[in-house]
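Only one structure is covered here, and it is reproduced in the block below.
Number of protein chains: 8
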Amino acid sequence: RRTGAAEAVFAAGKTPDQVVRALTELRNAHPELPALATRCEPACLEAVKAAFDGVTVAETLAVVGDFPEPSLGTVGVVCAGTSDLPVAHEALYTSRALAMETHLIADVGVAGIHRLLAQEERLRSFSVLVVVAGMEGALPSVVAGLTDRPLIAVPTSVGYGASFGGLSALLTMLNSCAPGITTVNIDNGFGAAQAALRMLRLTDQTKD
Amino acid sequence: RRTGAAEAVFAAGKTPDQVVRALTELRNAHPELPALATRCEPACLEAVKAAFDGVTVAETLAVVGDFPEPSLGTVGVVCAGTSDLPVAHEALYTSRALAMETHLIADVGVAGIHRLLAQEERLRSFSVLVVVAGMEGALPSVVAGLTDRPLIAVPTSVGYGASFGGLSALLTMLNSCAPGITTVNIDNGFGAAQAALRMLRLTDQTKD
Amino acid sequence: RRTGAAEAVFAAGKTPDQVVRALTELRNAHPELPALATRCEPACLEAVKAAFDGVTVAETLAVVGDFPEPSLGTVGVVCAGTSDLPVAHEALYTSRALAMETHLIADVGVAGIHRLLAQEERLRSFSVLVVVAGMEGALPSVVAGLTDRPLIAVPTSVGYGASFGGLSALLTMLNSCAPGITTVNIDNGFGAAQAALRMLRLTDQTKD
Amino acid sequence: RRTGAAEAVFAAGKTPDQVVRALTELRNAHPELPALATRCEPACLEAVKAAFDGVTVAETLAVVGDFPEPSLGTVGVVCAGTSDLPVAHEALYTSRALAMETHLIADVGVAGIHRLLAQEERLRSFSVLVVVAGMEGALPSVVAGLTDRPLIAVPTSVGYGASFGGLSALLTMLNSCAPGITTVNIDNGFGAAQAALRMLRLTDQTKD
Amino acid sequence: RRTGAAEAVFAAGKTPDQVVRALTELRNAHPELPALATRCEPACLEAVKAAFDGVTVAETLAVVGDFPEPSLGTVGVVCAGTSDLPVAHEALYTSRALAMETHLIADVGVAGIHRLLAQEERLRSFSVLVVVAGMEGALPSVVAGLTDRPLIAVPTSVGYGASFGGLSALLTMLNSCAPGITTVNIDNGFGAAQAALRMLRLTDQTKD
Amino acid sequence: RRTGAAEAVFAAGKTPDQVVRALTELRNAHPELPALATRCEPACLEAVKAAFDGVTVAETLAVVGDFPEPSLGTVGVVCAGTSDLPVAHEALYTSRALAMETHLIADVGVAGIHRLLAQEERLRSFSVLVVVAGMEGALPSVVAGLTDRPLIAVPTSVGYGASFGGLSALLTMLNSCAPGITTVNIDNGFGAAQAALRMLRLTDQTKD
Amino acid sequence: RRTGAAEAVFAAGKTPDQVVRALTELRNAHPELPALATRCEPACLEAVKAAFDGVTVAETLAVVGDFPEPSLGTVGVVCAGTSDLPVAHEALYTSRALAMETHLIADVGVAGIHRLLAQEERLRSFSVLVVVAGMEGALPSVVAGLTDRPLIAVPTSVGYGASFGGLSALLTMLNSCAPGITTVNIDNGFGAAQAALRMLRLTDQTKD
Amino acid sequence: RRTGAAEAVFAAGKTPDQVVRALTELRNAHPELPALATRCEPACLEAVKAAFDGVTVAETLAVVGDFPEPSLGTVGVVCAGTSDLPVAHEALYTSRALAMETHLIADVGVAGIHRLLAQEERLRSFSVLVVVAGMEGALPSVVAGLTDRPLIAVPTSVGYGASFGGLSALLTMLNSCAPGITTVNIDNGFGAAQAALRMLRLTDQTKD
Ligand SMILES: Nc1ncnc2c1ncn2[C@@H]1O[C@H](COP(=O)(O)O)[C@@H](O)[C@H]1O
Ligand SMILES: Nc1ncnc2c1ncn2[C@@H]1O[C@H](COP(=O)(O)O)[C@@H](O)[C@H]1O
Ligand SMILES: Nc1ncnc2c1ncn2[C@@H]1O[C@H](COP(=O)(O)O)[C@@H](O)[C@H]1O
Ligand SMILES: Nc1ncnc2c1ncn2[C@@H]1O[C@H](COP(=O)(O)O)[C@@H](O)[C@H]1O
Ligand SMILES: [Mg+2]
Ligand SMILES: [Mg+2]
Ligand SMILES: [Mg+2]
Ligand SMILES: [Mg+2]
Ligand SMILES: [Mg+2]
Ligand SMILES: [Mg+2]
Ligand SMILES: [Mg+2]
Ligand SMILES: [Mg+2]
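Chains as they are written, first to last, in the working numbering: chain A, 1 to 208; chain B, 209 to 416; chain C, 417 to 624; chain D, 625 to 832; chain E, 833 to 1040; chain F, 1041 to 1248; chain G, 1249 to 1456; chain H, 1457 to 1664.
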């Protein structure tokens, strides 16, 4: 396998059957690793739960197999509220499946800055930050000003009208005036976790 | 005159001559009021300074005639840095020409949140806020969380790449999660001042 | 609470259960204030009506709890026809929940200008105007020429083809040649009412 | 020749030499008809004036040869102000070159509706209306409500920020709620005159 | 009534009930004129057929009441194939309801130019042409080269991929190199008929 | 070298010096092949002419070295008029430099269909067609209906307003209803010639 | 028939009945040729299977009638994975219906370059390549560097977020730095096969 | 200072004077650190060279002061060719100013994959990769498949036509099928270096 870590099936546009078959293949190839299915419809989640033991489900995500012991650094997944939770959870559970200790800080938004600042210490305690935001997507800029750790910004498609399916949040993050933010595709919690893995491997003494 | 207040010539795409003639008309019609020319090229500013006495110039803006005594409430114009200053100045001087006491708070950005919070008290002291920002345009969201005063957001065309001439900042402001922000066109400091005037007239006992 | 006034749940993308729970929290925190849920599906409205007494429903909006006595200035909500009514109602009922006396003027469009001018006097009688329009979105420009009161323009997603989900109306309002118009996001009647509240508080003697 | 009427050279992106040569060809082929060059740079206008007698110039337009006697119906070209004049003039002089009696009504905008209504009678007196507008481009909608004559809407690239080079005005006109408006390309005064010609030929007894 | 002719209800986004009620109002106000409902869902068409006698249905369009005797000029509605027929029919039946004699030429596309040229004579026989096209939308340019009659181009949302919901056809028509074409909104067969009416009234001796 | 044929320097954004140096490298590596520089400014063309013998210039294109004997099939480059000639010439001279016999058919547009049909026989005589068009870009659709040869469509940035720098022509070509058209980037005459080369090599008995 | 080869019905937006009727017409006109229906819903596929004998189905494509003996060159259809298979199959079966020997190479992506290079020899063995890719759409660029055969790039709408329905892959292919790639519309496997046919006919000794 | 490292002046839109003054401030505040000015015009570079000793210039970038000893990990900056060099150099010199050992690999493109693979070993030797690409922007996807190190993708505005100022490359990178790529704004070599710094600090034993 290319990256030496848990892999995922992108379930959107696949039948439950196709997803179960793809997960089976991943499990057979690497029984020691969890396999993920992201963007599952309810019927797909049912099929996965029926087909495997030990399935963890979070919104539209299914993780098959036990999470590994965390052996790399820590990841903080930050978002503003309930609407962004599915994407935040995709980042959170993928990170855990990739053996990173990961915690969630939800309900901190830029329009209530004092509530965010109350978490300043804690935000600084993580090795890598994944900051998830929809609508105007300003949260990563503010968080990046509070810490010098790597910060991966994840725009979400949450919003309406001139959010244009996440375009607004994406542009905000790309244009951030906070130096050193990087960005992934809209709703791509999975990719953010993969990026965090690439970064935390830098500190892995056992690697290479 | 429609709005009972100082008017402006939009100089972009006009010859210096056309601008001077338009300013003359405004001055003749209302000698007691200043007349503004916005978006002037250097040659245009020279022509205006040559044609009139008592011209105030700020970047690309010219104000002809004395500023009136401030008789309405106070306006705070807020921006993050030097690049946004021309638009902030357009809002500032237009507001003053419209008889509003107006002050500038520059150099407060969302990526240095503590410097912004140091101004929290002062931000709350204005009747109306005009918040100017380019690039990711997140400043109005944060400021709106610190005060319940009317807040007019002005996106600027400052930026490069995916800022797409101010589109990024505009979308950010329209999608702000802070309740009750309103927005004007990109670089429209003049319109923001006019909007502030409409609001402050609400408190004008002598009106109607 | 941040703004000292009625708050709302954005129901789009939430389960009826999540909406009822969120409304319950708002009601518990502030029993003296109404709580709103906007953008509700029919099933969601049913759940809200089943869960609470005294629910007011207007299209996709639910208001839980009694409206407060109007204690601030008056708001006029203006729109062109039936298609824009859901957004106009969102502005109307939110304004009332925020203690502003609010009235609706429907069925005045720019292509029948004499019908609009028949309301000129009445339009001038409000402290703040919220003007709602879809398709070409020209109504705010015309109304703004008839009054010097604050005018909040609300583009709607009503239209087809080159309206691009409200983009056409949004651009019209941002580019308005009438000085001092401000704009909110597409379909954001809720935000327009919040903006009106910020403005009318300027005249509130009891504030601060 | 295809259309049996005066033709034009589109000078943008051509050298003065190329324009003069193209005009010469048109003049040789049809000495009895004027030939037009639109979108000329100053150097190009100089070359045209040097090369021919009897050149009429209006902004960036040059007409070579005498205008024919008007023999078809009347055209009213309407616009809001000085910025839109170059496009309005392109429509005006092309119409005259195509043998239509044509008049200009400038300085009527939607934000000053009473000044527009003062022209209501006169607007109704034309056979065909060409309505030119930039920025929010709302003028055609209002004028179309005042008359049942054919109305050709011409968006202009006048504006800044979210006008996006005339896109805003174009979308406004395409989405007009006034029934029966048709639209041409941004800044296409020439095409509007050609469209008027097609319409007025319907009333030409001598045709076919 | 504004335009002195048959009116229409835009049924998209309305309940069957609302459509029937709106049609009833139109019929009561003008019993001598047909009333149209455009963009009807099947359930809406059923409701209209149940509520009135003498309903003509074409795809998603319903016409209530007898068509008037044609008393103005002739309209030719031209399109390339079955996919564009709903929009072509909207133009066709609206034109007939507006008292214009109207005929349909379907199945002539630009990629089979000889089949189109076989209709050249007939295309020239109409007073006004309405040319409907989706995908690349090139048909109006070719037809406009064959006749000097007024030509109203109607882009449709037929297509996939880079047609972007009709944007491709719309841009093609706006950029047509054939002089004097005018364009209406995507899928707006109704508006094209209204525009034809404005043009054909020019030849109506009994008017004004 | 990758493709075994004449190569080109893309001069836009390079200094004359950089272009001359790049051409020198190409010539040294393959003295038997011509080397091209496309998108040259005048100063760049001067530098190239000064630096080499035997330079062929067409608008912004320079060819250094003798053209090879045509040894593959024939290419027909088709366009509507003078504005598209620079791109057509880029395709023409690149094709010749790549050893294909190539001819130009200019001045055939879709709005004058009979002039195009007069060339029908000749269009069918080429092995491959490169059809260049700006503005509405409809020419490839019509030509593709007249022949079953490979047809490469080249959109150009010629146009104004809603042509959006060639986007309109590009979308037209991608959405063509004529089966089997393929498209290259806006203004990419060079790429069209390269694509023709790939096709004509299919018939090259001496290849591989 | 225009192109002398198998034709297809575009089933999207047609009723099963309309599709069956259209296929019947094609079969009657040319009983010796297969007829295709692309973009069929399940109900449509059922209707086609019920109406005809010998129907081949691949995802949303139906082929009615026997495939002809391959008599032209070979086509290689290349794609990265399961998600792009429906479009790849549309190209594959259409190519076969058009009498070209066609093979599929699936599961080669740019992020696993060594797996792709393992196929280098085989990729070079085809006369024409059709390369299908969604998301970032980079596969054609890499494949084009490995062979000098004609390469038709087909972007797919597979992706999410900033893929914008295939726009990302389309732009990638149009901007490819590999010389001589041509592109068709998003998801247009049918058109790619038609283009391949035009190219392979060049080598057909029996033609013309 | 926020980030504890060399800072930069963004010179675009500033006068040479403003840039020199801003650099002076940075130097005074932190004499031990180099100060950068990015996006300088020639006149600006002259002014900087005149004002300071020890200025390093690379295209439009100026570095004032000595580069620090590299004390963090290594950065590899990768790009395809001369056109992307200015952005690659911005990343390179900023990285060096931020105390990271940094090397450039230029002239490896996706259309010549074997030349890229010849560098496979070397690509794997860096701690962090910054991959710069314009036009189709596919390079990061391919490189990411060859290494599991953090990879920061930098789209450039190099290109023409449908590259839309770097949009094409940006979308490609956001939609990359290679897991764990992150992206910065178009042309933002400075930001990529800042992001690399955040990552390499993870391995810095002396930090915190
Ligand atoms: N939610 C997600 N977002 C982005 N990429 C994903 C996601 N889930 C899975 N993937 C990627 O998609 C690949 C599987 O795609 P597929 O073969 O279509 O199931 C995985 O190896 C991941 O690289
Ligand atoms: N298909 C249509 N396309 C565009 N406008 C229409 C259409 N059908 C009706 N209309 C217009 O919409 C108006 C009625 O809108 P409404 O009051 O929402 O039913 C009519 O008077 C027409 O001007
Ligand atoms: N006009 C053009 N359009 C597209 N690609 C071109 C053009 N001219 C040159 N090229 C390509 O650009 C490459 C040279 O790019 P460069 O190394 O930047 O000069 C050539 O090998 C061609 O593949
Ligand atoms: N090339 C660049 N791209 C993005 N941001 C930059 C660049 N150069 C400088 N900056 C940022 O811009 C800030 C300076 O902006 P200013 O105060 O306008 O000169 C620096 O602190 C950096 O964060
Ligand atoms: Mg947010
Ligand atoms: Mg900012
Ligand atoms: Mg409206
Ligand atoms: Mg206007
Ligand atoms: Mg068509
Ligand atoms: Mg053309
Ligand atoms: Mg792919
Ligand atoms: Mg590249």
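Note that the Cβ used here is the ideal one computed from N, Cα and C, for glycine as well.
Hey, would you say L917 of chain E sits closer than 8 Å to L893 of chain E, going by beta carbons? no
Neighbourhood of R1250 of chain G by C-beta, 8 Å cutoff - its chain only, sequence neighbours within 5 removed: Low confidence applies here, because R1250 of chain G scores a pLDDT of 40, under 50, leaving its location unreliable and the question unanswered by this model.
Across the region 805-814 of chain D and the region 838-848 of chain E, are there enough close Cβ pairs to call them in contact, namely three or more that are closer than 8 Å? no
Inter-stretch contact (C-beta, 8 Å, three-pair minimum) for the region 277-285 of chain B and the region 304-317 of chain B: In this structure the region 277-285 of chain B touches the region 304-317 of chain B; the number of beta carbon pairs closer than 8 Å is three or more.
Which value, in whole angstroms, describes the spacing of the CA atoms of G905 of chain E and A929 of chain E? Between G905 of chain E and A929 of chain E, the C-alpha separation is close to 13 Å.
Exposed or buried, which one is D208 of chain A when buried takes at least 16 other CB atoms within 10 Å? Because D208 of chain A carries a pLDDT of 47, less than 50, the predicted location of this residue cannot be relied on, and the following value inherits that uncertainty. Answer is exposed; the Cβ neighbour count stays below 16.
Alpha helix (DSSP H) runs contained entirely in the region 502-581 of chain C, provided each spans 4 or more residues: 529-533, 536-540 and 555-560
Which of the three DSSP states, helix, strand or coil, is assigned to G1510 of chain H? coil
Please tell me whether S1613 of chain H and I1569 of chain H are closer than 8 Å, where the distance is taken between their beta carbons. no
Could you work out which residue in H:L1607, H:G1621, H:F1582 and H:F1508 is closest to E1665 of chain H when comparing CA atoms only? Since the first residue of chain H shown is 1457 and the last is 1664, residue 1665 of chain H is not available in this structure.
For D1227 of chain F, would you say it is in contact with chain H, using Cβ-to-Cβ distances shorter than 8 Å as the test? yes
A817 of chain D versus chain F: which residues are under 8 Å apart at the beta carbon? For A817 of chain D, none of the residues of chain F pass the 8 Å Cβ criterion, the least Cβ distance being about 16 Å.
Is DSSP giving G1324 of chain G helix, strand or coil here? strand
If the criterion is Cβ atoms closer than 8 Å, does the pair S176 of chain A and E344 of chain B meet it? yes
In chain order, what residues of the same chain have a beta carbon less than 8 Å from the beta carbon of G1393 of chain G, not counting five sequence neighbours either side? Excluding residues within five positions, the ones whose Cβ falls inside 8 Å are A1426.
Give the DSSP-derived three-state secondary structure of T15 of chain A in the structure shown. Residue state, collapsed to three classes: coil.
Could you list which residues in chain H have their beta carbon closer than 7 Å to that of A370 of chain B, in chain order? The answer, in chain order, is L1626, N1641 and I1642.
CB contact flag (T102 of chain A, L123 of chain A, <8 Å): no
Could you tell me the alpha carbon to alpha carbon distance between H1129 of chain F and R663 of chain D, rounded to whole angstroms? 25 Å
I'd like to know whether the C-beta atoms of V734 of chain D and A816 of chain D end up nearer to each other than 8 Å. no
Look up F842 of chain E in the DSSP assignment and say whether it is helix, strand or coil. Correct three-state label for F842 of chain E: strand.
Within 10 angstroms of its Cβ, does P1498 of chain H collect 16 or more other Cβ (buried), or is it exposed? Burial state of P1498 of chain H is exposed, judged by a 10 Å Cβ sphere holding fewer than 16 other Cβ atoms.
Would you identify the three-state DSSP class for V1311 of chain G, choosing helix, strand or coil? strand
If I follow the unbroken alpha helix (DSSP H) through A1491 of chain H, where does it start and stop? No alpha helix (DSSP H) contains A1491 of chain H, which is instead part of the beta strand (DSSP E) from A1491 to T1494.
L1364 of chain G: which of G:S1343, G:P1388, G:M1348 and G:A1347 sits nearest, CA to CA? The shortest Cα separation from L1364 of chain G among G:S1343, G:P1388, G:M1348 and G:A1347 belongs to G:P1388.
Are the CB atoms of G1621 of chain H and A1547 of chain H within a distance shorter than 8 Å? no
List the endpoints of the continuous alpha helix (DSSP H) containing T807 of chain D. That residue, T807 of chain D, is in no alpha helix (DSSP H); its beta strand (DSSP E) goes I805 to T807.
Beta-carbon of A62 of chain A versus every beta-carbon of chain G: anything under 8 Å? no
Of all the CB atoms in chain A, is at least one closer than 8 Å to the CB of G429 of chain C? yes
Check whether A1347 of chain G and P1316 of chain G have beta carbons under 8 Å apart: Yes, the Cβ-Cβ distance between A1347 of chain G and P1316 of chain G is below 8 Å.
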